[in-house]
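Asker:
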Amino acid sequence: MNSTYDPQNIFAKILRQEIPAIKVYEDEQTLAFMDIMPQANGHTLVIPKAEAVTLLDLSAEQAAYTIQIVQKVARAIEIALDAQGIVLMQLSGEAAGQTVPHVHFHLIPSSIHEMRQHAAQAGDPEEIKQTALKIKAALERV
Ligand code: 5GP
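Numbering of the sequence shown is given in full-length UniProt numbering, commencing with residue 1 and proceeding in unit increments.
(1) Measure from the alpha carbon of Gly85 to the alpha carbon of each residue in Glu61, Asn41, Ala138, then state which is nearest.
(2) By alpha-carbon positions, which one of Leu58, Val87, Ala76 ends up nearest to His113?
(3) Using only the heavy atoms of the ligand 5GP, determine whether one of them is closer than 6 Å to the beta carbon of Ala52.
(4) Under a Cβ-count criterion, where at least 16 other Cβ atoms within 10 Å of its own Cβ denotes burial, should Gln39 be classed as buried or exposed?
(5) Indicate whether the contact test is met: 3 or more Cβ pairs, each with one atom in the region 69-86 and one in the region 129-142, closer than 8 Å.
(6) At a cut-off of 6 Å, would you count Ile36 as near the ligand 5GP, judging by its Cβ distance to the nearest heavy atom?
(7) In chain order, which continuous runs of the alpha helix (DSSP H) of length 4 or greater are located wholly inside the UniProt domain "HIT" (10-117)?
(8) Whole angstroms are fine: how far does the CA of Gly93 sit from the CA of Val100?
(9) Using beta-carbon positions only, say whether Ala119 and Met34 come within less than 7 Å of one another.
(10) Measure how close the beta-carbons of Lys129 and Ile22 come, nearest whole angstrom, since I'm counting them as under 8 Å.
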């Protein structure tokens with residue numbers, strides 16, 4: 001599954017600020033931003049900045065650091081949205097249904113039995129922005 005990185009993928013463009021994203025967290029190694037086709041209100045993506053297509057393309061250190069940020073953002077989502085459960089999803093490889101070839105972790109405050117279809121329908125931008133503000137505020141407390 002060791003795939004070649006395409007620097008023109010949409011998340012690479014977000015990292016280079018060539019296209020906008022509703023960001024909730026950023027540091028030297030990672031970025032967290034809202035999914036534009038949310039499977040539930042609060043659907044957030046956490047990505048390492050390293051050029052990696054799948055989980056298996058990350059070094060152990062990069063993976064370990066990214067999962068710490070995943071946990072931090074999950075805590076903030078729990079607080080911000082009073083989430084009773086969060087689905088953590090990571091699709092590695094087109095064969096798994098991965099549509100954007102830059103490794104990312106989905107945080108979906110919902111149930112696996114209730115969340116909407118994957119990458120299917122654009123969310124309401126205003127609602128997404130309001131939710132992001134709540135998550136950002138909670139991130140300052142975790
Ligand atoms: P994957 O199928 O690769 O696991 O997930 C890609 C995710 O990226 C999907 O949930 C999809 O809704 C989201 N997505 C696709 N294009 C964009 C975009 O331009 N901006 C943002 N914020 N999310 C996107």
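C-beta atoms are modelled at their ideal positions from N, C-alpha and C, and glycine is treated no differently.
Answerer: According to the structure shown:
(1) Counting from one through the sequence shown, the residue named residue 85 turns up at place 85. When only C-alpha atoms are compared, the closest one is Asn41.
(2) To locate residue 113, count along the sequence shown from 1; it is residue 113. If we check each option's Cα against that of His113, Val87 comes out closest.
(3) Here residue 52 refers to the residue found at position 52 of the sequence shown. The answer is no for Ala52.
(4) Locating residue 39 in the sequence shown gives position 39, counting from the first residue. Buried: at least 16 other Cβ atoms inside 10 Å.
(5) yes
(6) Residue 36 sits at position 36 when you count from the first residue of the sequence shown. Because some heavy atom of the ligand 5GP lies under 6 Å away, the Cβ of Ile36 counts as near it: yes.
(7) 10-15, 60-81
(8) Taking the first residue of the sequence shown as position 1, residue 100 is located at position 100. Taking the first residue of the sequence shown as position 1, residue 93 is located at position 93. Taking the straight line joining both Cα atoms gives about 9 Å.
(9) On the sequence shown, residue 119 is found 119 positions in, with the first residue counted as 1. On the sequence shown, residue 34 is found 34 positions in, with the first residue counted as 1. 7 Å or more divides the Cβ of Ala119 from the Cβ of Met34.
(10) For the purposes of this step, residue 129 is identified with residue 129 of the sequence shown, where counting begins at 1. For the purposes of this step, residue 22 is identified with residue 22 of the sequence shown, where counting begins at 1. 6 Å between Cβ atoms; contact.
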